[in-house]
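The structure appears below as structure tokens.
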Amino acid sequence: MKQARISYKISPNILDALEEEPQKVMLISLDQRDKLERFQKKNLNWEKGKCNSFFSSSQYLEYSPKNTSKATGILELTKILNMPMDATVAVGDEDNDVPMIKTACIGVAVKNATEKAKAAADYVTVNDNNHDAIAEVIEKFIL
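Each number in our numbering comes from the position in the sequence shown (counting from 1) with 1063 added on.
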């Protein structure tokens, strides 16, 4: 197995395995998204007020601390860089990118993004994320 740069645990019951408040919990099912969806639904009451759950791909169900998202990342970065929000462009492809896409001045979804990401976007690229979507965004909105 390839060395991971972050610590991880493999557990049959993630709720029992938590020893302290994690920065991120990722549940992975390579071929059974419905299993992850059932887990997420079953634990909705548990997560209220504690964390956010979202799919970052069809195989990854992630949990992160409440009040953190890619949107809060953009807001913090603009403060640190003393940059106006109207100078921000965000590009995403998954449901977890929706808050970021909505927060940026220009929110972009790539061609092969989820329907939720596309619905949140101001612009959907002609190209997908494997074929120059970022170059398209740079040429259209930045240069």
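All C-beta atoms in this analysis are idealised placements derived from N, C-alpha and C, irrespective of residue type, glycine included.
Annotation for D1160: K1133, A1180 place their beta carbon closer than 7 Å to its own, counting only its chain and skipping 5 residues before and after. DSSP assignment within the segment 1099-1149 yields the following whole beta strand (DSSP E) runs of 3 residues or more, N-terminal first: 1114-1120, 1123-1128. In the structure shown, V1161 adopts helical secondary structure according to DSSP, grouped into three states. From the listed residues Y1186, C1114, T1177, the smallest Cα separation to C1168 is found for Y1186. In summary, T1177 is buried, with 16 or more beta-carbon neighbours lying within 10 Å of its beta-carbon over all protein chains present. In the DSSP assignment, I1197 falls within the unbroken alpha helix (DSSP H) covering 1196-1200.
Taking the Cα positions, D1195 is about 12 Å away from K1203. In this structure, V1171 lies near A1184, with their beta-carbon atoms less than 8 Å apart.
With contacts defined as CB atoms closer than 8 Å, V1154 and V1173 qualify as a contacting pair.
With a beta-carbon spacing of about 4 Å, L1099 and L1124 fall inside the 8 Å limit used to define contacts.
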